[in-house]
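If you read the sequences in order, they're chains A and B. Just so you know, this note's numbering puts the end of the first sequence at 475, numbered straight through with nothing missing. Just so you know, this note's numbering puts the end of the second sequence at 475, numbered straight through with nothing missing. Even glycine gets a Cβ: it sits at the ideal position worked out from N, Cα and C. Working notes, structure below.
Number of protein chains: 2
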Amino acid sequence: MSKDASQVSPLAPARFPELPVIAGLKAAIGRAGFYKHERPDLLLMLAAPGTQAAGVFTTNAVGSAPTDWCKRALDAGRGSSRGLMVNAGCANAFTGADGDAACRRSLEAAAVKLGLAPNEMLAASTGVIGVVLDDSKIARALPAMELGPVDWLAAAQAIGTTDTFPKGAGAACEIGGAKVAIAGIAKGSGMIAPNMATMLAFVFTDASLPAQILERMLREETESSFNSITVDGDRSTNDCVLLFATGAAESPPIADAKDDRLAGFRAALSQVLADLAIQIVRDGEGATKLVTVSVSGAASDASAKKIARTICESPLVKTAIAGEDANWGRIVAAAGRADEPITREMLSVRFGELWAAKDGMVARDYDEAAMSAYMKRAELEISVNVGAGAGRARMYTCDLTKRYVEINGDYRS
Amino acid sequence: MSKDASQVSPLAPARFPELPVIAGLKAAIGRAGFYKHERPDLLLMLAAPGTQAAGVFTTNAVGSAPTDWCKRALDAGRGSSRGLMVNAGCANAFTGADGDAACRRSLEAAAVKLGLAPNEMLAASTGVIGVVLDDSKIARALPAMELGPVDWLAAAQAIGTTDTFPKGAGAACEIGGAKVAIAGIAKGSGMIAPNMATMLAFVFTDASLPAQILERMLREETESSFNSITVDGDRSTNDCVLLFATGAAESPPIADAKDDRLAGFRAALSQVLADLAIQIVRDGEGATKLVTVSVSGAASDASAKKIARTICESPLVKTAIAGEDANWGRIVAAAGRADEPITREMLSVRFGELWAAKDGMVARDYDEAAMSAYMKRAELEISVNVGAGAGRARMYTCDLTKRYVEINGDYRS
Chain A
63 MSKDASQVSP
73 LAPARFPELP
83 VIAGLKAAIG
93 RAGFYKHERP
103 DLLLMLAAPG
113 TQAAGVFTTN
123 AVGSAPTDWC
133 KRALDAGRGS
143 SRGLMVNAGC
153 ANAFTGADGD
163 AACRRSLEAA
173 AVKLGLAPNE
183 MLAASTGVIG
193 VVLDDSKIAR
203 ALPAMELGPV
213 DWLAAAQAIG
223 TTDTFPKGAG
233 AACEIGGAKV
243 AIAGIAKGSG
253 MIAPNMATML
263 AFVFTDASLP
273 AQILERMLRE
283 ETESSFNSIT
293 VDGDRSTNDC
303 VLLFATGAAE
313 SPPIADAKDD
323 RLAGFRAALS
333 QVLADLAIQI
343 VRDGEGATKL
353 VTVSVSGAAS
363 DASAKKIART
373 ICESPLVKTA
383 IAGEDANWGR
393 IVAAAGRADE
403 PITREMLSVR
413 FGELWAAKDG
423 MVARDYDEAA
433 MSAYMKRAEL
443 EISVNVGAGA
453 GRARMYTCDL
463 TKRYVEINGD
473 YRS
Chain B
63 MSKDASQVSP
73 LAPARFPELP
83 VIAGLKAAIG
93 RAGFYKHERP
103 DLLLMLAAPG
113 TQAAGVFTTN
123 AVGSAPTDWC
133 KRALDAGRGS
143 SRGLMVNAGC
153 ANAFTGADGD
163 AACRRSLEAA
173 AVKLGLAPNE
183 MLAASTGVIG
193 VVLDDSKIAR
203 ALPAMELGPV
213 DWLAAAQAIG
223 TTDTFPKGAG
233 AACEIGGAKV
243 AIAGIAKGSG
253 MIAPNMATML
263 AFVFTDASLP
273 AQILERMLRE
283 ETESSFNSIT
293 VDGDRSTNDC
303 VLLFATGAAE
313 SPPIADAKDD
323 RLAGFRAALS
333 QVLADLAIQI
343 VRDGEGATKL
353 VTVSVSGAAS
363 DASAKKIART
373 ICESPLVKTA
383 IAGEDANWGR
393 IVAAAGRADE
403 PITREMLSVR
413 FGELWAAKDG
423 MVARDYDEAA
433 MSAYMKRAEL
443 EISVNVGAGA
453 GRARMYTCDL
463 TKRYVEINGD
473 YRS
């Protein structure tokens, strides 16, 4: 799927999952030619009339033409967008009025293809920043694209860039006795950091839910999934997560996000989002370790998250993990520079079940041999208690390896 | 001076500078054995009676026994400290009461050697975190140490850890017609980030200045020097800059930091601190490029500094520079995620005199060939205007290379 596809992440899942059919949804894959080599790089999706949609978008102030478009379209159409076009290879970010115009023209062409009005379309792009989208490539690709049942694997492959494996997740649940399904795909492996951490993710359900409930649940569940991962702390201009509900499962109408009948759906959605988010970390550029950092004893949950993020984004912590070195001193130092309340004398650090530091000092029963053995695992759990309160948070990250430097040192050429 | 000494940074100055003699100052170098291989790792300095001292210290909440000691000693003695002991190889950070006691014992022994009271001593340590200082090594090393004229090169070498070259800077100036000199040494090449960004720096003058003036000038001048550099964003537990004034030059007494007669001294001090700070960046672990990032057009100077820091600490920006790729899109993206006001439509980026982006788009006269040639330089200047006001700031950083990962992936073993 890219020049790195030959080297699949060692943290990749064994296989792409079986995803449920989402009633009321079709897709088409195309080749617009945004890459020098031949590959699918264009995805169209069409959801049934009546579909409701919601999105959360990057907080990067630079943004991009497609994220700007989506925000306007969702606002103007009150969440009634039901067409989606995603291209890989060109982010169309920082491209000014020319980029906006190209985005609009490409969506007008796609809308004709799908039989929609342009304002029913949403768009997402990733790739190089600063290059205006060549919408003529999209216009030329559209006629050959055939809408049909969704091939989730092919869809996930079409939206990838430096991804080394396609990312998908699904779940089934009930709303008020009606069976509903959720399926999602995501892409991303670099320029990944919270708020939004996502690069791109598209999640679909056949549940019948209004846009404002979708948006609220998406926003809340994004906090503990896409906003709790970080690869390199670099928050992209184009990140977005879109959630579409086709209503084709004919689940009972729900008017309140707190309706008890939504509990199962919310849990399933949460699981799908977290699954996709962690897959993005698993594909972190050059990653060889998946690291879960749990911070407890913080002054608040927000404080815990800031401390966890500081640890997760510390180059010294990440390189130590790459070297399979249980360098807990760097974890302690990172916790100390988060500018959040900590009680130094109570600080503790655990790797899995092994104590590294306790009560502000190296643990009395610190076991170097056991620790070294633990560090060889591909998946590590680091728990830090900062002794300042009851706040807690969990974040996911990966190690920082020479391969990351290699991939990112020569991206454009 | 360390396992990496064989690979001197390509950004190292041609030679260690000639530093002026500071009247009223002596030094001794020792070997305490904190390293497996034989090397000087202990420095003692003794300043004349009446010396005034000031310090600025890490804001890392974990801190360390020696920085805690210094803060207490400077407060209690009202800046009259005149003995200094520095060891390399053990940070004595996150070592609890045991670490505090070891620090105290080592300083008591050093005070006896120097003929001082313990509370006239200051201390600084760098090295591995979490290991209690073995003060018996210091006690054994002290008898063989001979105080004499300061050998600045030897002193700079004794305090280094992963440094690949010794760092020194000096200047001469006048205060009210009296000639005074300034000389300083520094160490540091990783775990370098603002507030304090320093690792360690010790600056001496023979001017006659009270501690409160020293402290105020040091704090102000640190902002544009040590607090304006970043290698990896990791702020250490042990960072400190100490400034001693022996008074031996018999410059006229000054009671007010705003006294006009201090203008020359302040400029000289500023130059010495900036020189030392930039040398630390030049020795950034694995660095092959020295990068100056100047941000203008920000809402305030503080906002400009936050944007500059976000650019300087972006792994994607740093790896692109390592790859000699003028990836201005990543600079724009980093500016956009600093959570500071920017006017996207006015954003501009320049490399040296070459425009990359202007008015929110790629520059019309963008010249890829000229840009590629520019990126091959060892020293790069990146200027970013964010079009939101009159605030400006300048920061210094280096690139992120495979060598950084190598050095930090296997530090403890």
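Go ahead and label residue i buried or exposed: buried means 16 or more other beta carbons lie within 10 angstroms of its beta carbon, across all protein chains shown.
i, result
"glutamine 69 of chain B", "exposed"
"arginine 77 of chain A", "exposed"
"arginine 344 of chain A", "buried"
"alanine 329 of chain B", "exposed"
"alanine 395 of chain B", "buried"
"alanine 234 of chain B", "exposed"
"aspartate 427 of chain B", "exposed"
"lysine 380 of chain A", "buried"
Among the options, whose alpha-carbon lies nearest the alpha-carbon of residue i?
i, options, result
"isoleucine 84 of chain B", "B/Thr284, B/Ala243, B/Asp162 and B/Lys175", "B/Ala243"
"glycine 246 of chain B", "B/Leu280, B/Pro128, B/Thr224 and B/Arg439", "B/Leu280"
"valine 293 of chain B", "B/Leu105, B/Pro377 and B/Lys88", "B/Pro377"
"leucine 87 of chain A", "A/Asp318, A/Asn149, A/Thr267 and A/Ser313", "A/Thr267"
"aspartate 429 of chain B", "B/Gly422, B/Arg439 and B/Ala418", "B/Ala418"
"serine 187 of chain B", "B/Trp214, B/Leu338 and B/Gly222", "B/Gly222"
"leucine 108 of chain A", "A/Pro75, A/Val467, A/Gln341 and A/Val148", "A/Val148"
"methionine 437 of chain B", "B/Thr121, B/Ala384 and B/Gly471", "B/Ala384"
"glycine 422 of chain A", "B/Val194, B/Arg144, B/Ala94 and B/Cys152", "B/Val194"
"leucine 146 of chain A", "A/Arg101, A/Ile275 and A/Cys302", "A/Cys302"
"proline 111 of chain A", "A/Ala452, A/Val265 and A/Leu176", "A/Leu176"
"glycine 117 of chain A", "A/Pro211, A/Gln219, A/Phe288 and A/Ala240", "A/Phe288"
"lysine 320 of chain A", "A/Ser410, A/Leu271 and A/Ala150", "A/Leu271"
"leucine 262 of chain B", "B/Lys241, B/Ala240 and B/Gln219", "B/Gln219"
"proline 72 of chain A", "A/Ile275, A/Thr463, A/Gly471 and A/Asn470", "A/Thr463"
Could you tell me whether the Cβ atoms of residue i and residue j are closer together than 8 Å?
i, j, result
"glycine 139 of chain B", "glutamine 114 of chain B", "no"
"alanine 450 of chain A", "alanine 360 of chain A", "yes"
"serine 123 of chain A", "arginine 412 of chain B", "Sequence inspection shows alanine at residue 123 of chain A; the serine mentioned does not correspond to that position. Result no, Cβ atoms of alanine 123 of chain A and arginine 412 of chain B do not sit closer than 8 Å."
"alanine 155 of chain B", "threonine 299 of chain B", "yes"
"aspartate 492 of chain A", "alanine 370 of chain A", "Any property of residue 492 of chain A remains undetermined from this structure, which presents chain A solely from 63 to 475."
"glutamate 283 of chain A", "leucine 335 of chain A", "yes"
"tryptophan 214 of chain B", "leucine 81 of chain B", "yes"
"valine 424 of chain B", "glycine 192 of chain A", "yes"
"proline 128 of chain A", "cysteine 152 of chain A", "no"
So, helix, strand or coil for residue i, using DSSP?
i, result
"methionine 63 of chain B", "Its pLDDT being 35, under 50, methionine 63 of chain B is placed unreliably by the model, and the measurement read from it follows with that caveat. The answer is coil: DSSP assigns methionine 63 of chain B none of H, G, I, E or B."
"glutamine 341 of chain B", "helix"
"glycine 326 of chain A", "helix"
"isoleucine 404 of chain B", "coil"
"arginine 456 of chain A", "strand"
"glycine 449 of chain A", "coil"
"serine 332 of chain B", "helix"
"glutamine 69 of chain B", "coil"
"arginine 134 of chain B", "helix"
"methionine 279 of chain A", "helix"
"alanine 361 of chain B", "coil"
"valine 467 of chain A", "helix"
"isoleucine 376 of chain A", "The residue you asked about is not isoleucine; residue 376 of chain A is serine in the sequence shown. The answer is coil: DSSP assigns serine 376 of chain A none of H, G, I, E or B."
"asparagine 148 of chain A", "Just to set this straight, residue 148 of chain A is valine in the shown sequence, not asparagine. Residue state, collapsed to three classes: strand."
Who are the Cβ neighbours of residue i in its own chain at under 6 Å, not counting the five residues just before and after it?
i, result
"asparagine 389 of chain A", "Ala382"
"alanine 484 of chain A", "In the structure as shown, chain A starts at 63 and stops at 475, and residue 484 of chain A therefore has no counterpart that could be examined."
"glutamate 441 of chain A", "Leu352"
"threonine 459 of chain A", "Thr292, Val353 and Cys374"
"leucine 169 of chain A", "Pro180, Met183 and Ala185"
"valine 355 of chain A", "Ala370, Ile373, Cys374, Ile444 and Met457"
"aspartate 337 of chain A", "Ala231"
"alanine 435 of chain B", "none"
If I measure Cβ to Cβ from residue i and keep anything under 7 Å in the same chain, skipping five residues before and after, which residues do I get?
i, result
"arginine 202 of chain A", "none"
"alanine 179 of chain B", "Ala173"
"lysine 199 of chain A", "Ala94, Gly95 and Phe96"
Can you list, in chain order, the residues of its chain with a C-beta nearer than 8 Å to that of residue i? Leave out the 5 residues immediately preceding and following it.
i, result
"arginine 323 of chain A", "Ile237, Gly238, Pro314 and Ile316"
"alanine 31 of chain A", "Given that chain A is displayed from residue 63 to residue 475, the structure contains no residue 31 of chain A and the question cannot be resolved."
"proline 79 of chain A", "Gly230, Ala231 and Gly232"
Please confirm if residue i has its CB atom under 8 Å from at least one CB of chain E.
i, result
"asparagine 122 of chain B", "This model lacks chain E altogether, as its protein chains are A and B."
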